[in-house]
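As numbered in the UniProt record's numbering, residues 1 to 564 make up the sequence shown, in order. Reading through the structure tokens given below for one structure.
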Amino acid sequence: MHVHASGPIGNSARAPGSCIPRSPGRERHRRARRIEHDDETQTTGRTVSERSAPDTDSTTVPDPGLGAAAEAEAADRAIDRHIVAARPEHGARNTRVIWLLLAATFTVFLNETIMSVAIPELVDDLGVTLSAAQWLTTAFMLTMAVVIPITGFLLQRFPTRPIFGAAMTLFSAGTLLAALAPGFEVLLGGRIIQATGTAIMMPLLMTTLMTVVAPADRGRFMGRVSIVMSVAPAIGPAISGLILNTLGWRYMFWLVLPIAVAMLVIGLRRVENVSETRVFPIDVVSVVLSAFGFGGLVYGLSLVGEVASGRTPGDAVPMWIALAVGALGITTFIVRQLLLQRRDRALLDLRTFRSRNFAVSIGLMAVMMAALFGTIILLPIYLQDVLGLEPLATGLLVLPGGLVMGLLGPTVGRLYDRVGPTPLLVPASIGVSAVLWSLTLVTETTPPWMILAAHVVLSISLAFMFTPLFTTALGSVEPHLYSHGSAIVGTLQQVAGAAGTALFITVMTATAAGATAGGVEEIAAQAAGVRNAFLVGAIVSLFAIVGATLVRRPADMPAGAPAH
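What follows is the structure, given as structure tokens:
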């Protein structure tokens, strides 16, 4: 249901039998309001056959004998028409909503990366082991992997404002709990609550953007999303390092809390309901399967590097069990979604993959995410363990790349609106591959400025990849599937990031261990491990170049749309 800022549609229609004479203009207005009311009723869960009057605007009205699947398809098409027709309305309102969601998402993403720098101090202050303290980041990642697949249902079931309020309330409550935490267990609980709110925000932002922004302008707006995705994680560690050196770890939460609360208060007053909603029950079995499937897979992948280095915590679930549970859970989850989507009741609707463009785009996105996360984890190891840089110098060296990636987002978005995805993706994928191949040549004596230059070029190339891929992937699905497409993209980020990290760390560790066993000096062995890890990434990147040539302009994107 598209809810206008002025209130619900159709409430003031005059009752049948009114004695007040109707002019032709009044009668036309009344008929228009009745059509809007029919659309509203349809999108709240009633099927086409249940409506009091036929949808004369529909191009396909299924025969009742065709069953629930056909009626669900017809209802989805009606929702699509309503979304597309409503998109140009309330331009100022829609822009305000997007900017508020961008600010809130930046806040929660900034918090996501601040904890890794604080782990050593937390070990000393809370009296816990290093493996236990790592759960503050692992649990956050696992919660994201479990909650994001559910957002496809949430964003179709509830309007924009309540979803925003729930997400920011959870994040604010988790932040307050973490700031007040008397011990490790409460701090861990606060991080999990924070992650629950964080997991909702990005799918909410992307679904809202796709719903209210015309196809010709989506690249420009999606470029601003790139700022959130790139700049917030890039400056997070630097900010947390500054706070730790001056105030202490609790202030990482105390300083974020007023910003989060301000976003919540402003959002509840200013965010309008711009989404389509419909009433249908949540499938609890799918939720359980999703939790075990995606949670098990991400957790198992997070253990791969630990197993390869021989540092697996004694109380950890064996890696192979976690991966097996994850694989079985995801397989069963997929089968159940295929069955449920016939009745339009899927928790995560996989009909998005009917679009070849969507499938190719997210496959390419997975490769790029794996390369990004693998590089993010590997470069600091190389800079500190091989080149001997201090943590502060390491953070400053990789900071420019993240800032450049984010700041390029709006420019890339405007170019996308003008030329489409392929002219941007092909040279960008070549750039990513070239950088990864160059990093296979690093040694113990490589100048740090060369690493800085390589990282900046990699970041620029990725900036020209992510904005076109996000926009093309979601722009290639039917409008009523935007929320599910956003949930799939968010889930993919978590899984691909964990897989890329596991792959790079495993190759590096195995190579270094073999070289050390052969009598090679430890630093030289570590450098050899880094080279081989980047070699694997470089080989995989060649497939990305091929994939980039297969991505096409979404069908509803105007050819040669002017940049704004």
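For every residue, glycine included, the Cβ atom is placed at its ideal position computed from N, Cα and C. Here the structure is a predicted model, which is why all the values come from computation and not from measurement.
Taking the Cβ atom as the reference point for each residue, do residue i and residue j lie within a distance shorter than 8 Å?
i	j	result
A544	M405	no
N94	Q194	no
F171	G197	yes
L142	Y299	yes
I150	L347	yes
L205	V225	yes
G152	D385	no
V442	V507	no
L436	S541	yes
L469	S361	yes
V456	G537	no
L283	D417	Sequence check: residue 283 is Asp here, not Leu. In this structure, D417 does not lie closer than 8 Å to D283 by Cβ.
G267	L397	no
E444	A527	yes
G293	I330	yes
M210	L389	no
S438	A454	yes
F280	R345	yes
G223	T411	yes
If I'm right that residue i touches residue j with Cβ under 8 Å, what's the distance once you round it to whole angstroms?
i	j	result
residue 575	V97	Any answer about residue 575 is impossible in this case: the structure gives the chain only from 1 up to 564.
A510	A525	The pair is not a contact, with the Cβ atoms about 11 Å apart (cut-off 8 Å).
V419	T549	That belief does not hold up - the Cβ atoms of V419 and T549 are roughly 15 Å apart, past 8 Å.
M365	L503	Contact flag wrong, Cβ pair sits at about 16 Å.
F534	T394	Rounded, the Cβ-Cβ distance is 17 Å, inconsistent with contact.
L257	T175	5 Å
A104	M263	4 Å
I114	I239	7 Å
S483	T207	5 Å
What residue range is occupied by the uninterrupted alpha helix (DSSP H) comprising residue i?
i	result
L364	356-381
E522	522-548
G402	391-407
S226	218-246
G174	160-180
A346	Unbroken run through A346: none, as it is neither H nor E.
V271	No alpha helix (DSSP H) holds V271; DSSP gives it neither H nor E.
H484	482-517
I193	184-212
F353	Per DSSP, F353 belongs to no alpha helix (DSSP H) and is neither H nor E.
P468	448-475
V317	Taken as a continuous stretch (DSSP letters only), V317 belongs to no alpha helix (DSSP H), as it is neither H nor E.
T277	Looking at the DSSP string, T277 is not in any alpha helix (DSSP H), and its letter there is neither H nor E.
W135	135-147
Using only the alpha-carbon positions, how far apart do residue i and residue j sit?
i	j	result
G490	P423	25 Å
R552	A370	22 Å
T472	L403	23 Å
R220	V213	10 Å
L399	L452	9 Å
M229	D124	31 Å
D63	M168	Here D63 scores only 45 on pLDDT, less than 50, and its place in the model is too uncertain to base an answer on.
residue 568	L408	Within the shown structure, residues of the chain are numbered from 1 to 564, placing residue 568 beyond reach of any answer.
L301	A92	44 Å
L126	Q337	43 Å
residue 566	V285	Residue 566 lies beyond the stretch modelled for the chain, which goes from 1 to 564, so this question has no answer here.
Q156	T467	24 Å
I148	A199	5 Å
T160	V274	6 Å
A515	G236	35 Å
V546	M144	31 Å
L177	A260	13 Å
R132	A496	At residue 132 the sequence reads Ala, which differs from the Arg that was named. About 24 Å.
P448	N532	19 Å
F358	A498	22 Å
A118	S476	41 Å
R31	P479	At R31, the pLDDT of 43 sits below 50, so the modelled position is not reliable; the number obtained from the coordinates is stated separately. Computed Cα separation, rounded: 26 Å.
S290	M201	19 Å
G296	V325	6 Å
A78	F353	Here the model assigns A78 a pLDDT of 45, short of 50, so the residue's position is not dependable and the matter cannot be decided.
V335	S459	38 Å
R189	V317	For clarity, residue 189 is Gly in the given sequence; the question names Arg instead. Going by the C-alpha atoms only, they are around 20 Å apart.
V146	A428	32 Å
P162	T277	12 Å
L372	I430	15 Å
L136	L154	26 Å
F109	G519	44 Å
For chain B, check one thing: does any of its Cβ atoms lie closer than 8 Å to the Cβ of residue i?
i	result
P423	Going by chain labels, chain B is absent from the structure shown, which holds only one protein chain.
ask   = Within the chosen definition, does the segment 340-355 reach the segment 319-330 through at least 3 CB pairs nearer than 8 Å?
value = Counting C-beta pairs with one atom in each stretch, the segment 340-355 and the segment 319-330 have fewer than three that are closer than 8 Å, which means they do not touch.
key: Three or more C-beta pairs below 8 Å linking the segment 173-183 and the segment 234-253   = Verdict: yes, contact present.
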